[in-house]
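Each residue of the sequence shown is one higher than the one before, starting from 4 at the first, in the working numbering. Where is the CB? At the ideal position from N, CA and C, for every residue including glycine. These numbers come from a predicted model, not from an experiment.
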Amino acid sequence: MNTRAWIVFLDESGVSLLPQIRRTYAPRGRTPLLRHRLNWKRASMAGALGYHSTDPERGARLCFHLKPGSYDTPALIEVLE
């Protein structure tokens with residue numbers, strides 16, 4: 004039996020620092036103009052939660068990777084490596 008095996012759960016998500024549109028106190032029918040000076044496009048984050056298969060006392064391990072833009076299949080494979 005291989006005692007070096009890990010069970011890994013991987014998930015990927017996109018994030019942005021641009022402000023979210025929320026309800027305002029503008030008069031009805033007058034759409035408010037929200038201005039911001041952020042020049043952040045978008046970023047993606049992949050996270051992996053790993054458990055050792057034969058030694059539960061080792062605890063869980065959390066790893067994550069940040070990338071500007073979006074992930075594609077080769078980029079996610081790099082994260083796993």
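Item, Value
"Using a threshold of 7 Å, state whether the C-beta atoms of residue 14 and residue 62 are closer than that.", "no"
"Please state the DSSP three-state secondary structure of residue 37.", "coil"
"Identify the continuous beta strand (DSSP E) that holds residue 60 and give its terminal residues.", "Segment: none, residue 60 is in no beta strand (DSSP E) and carries neither H nor E."
"Between the Cα of residue 12 and the Cα atoms of 65, 33, 31, 6, which residue gives the shortest distance?", "65"
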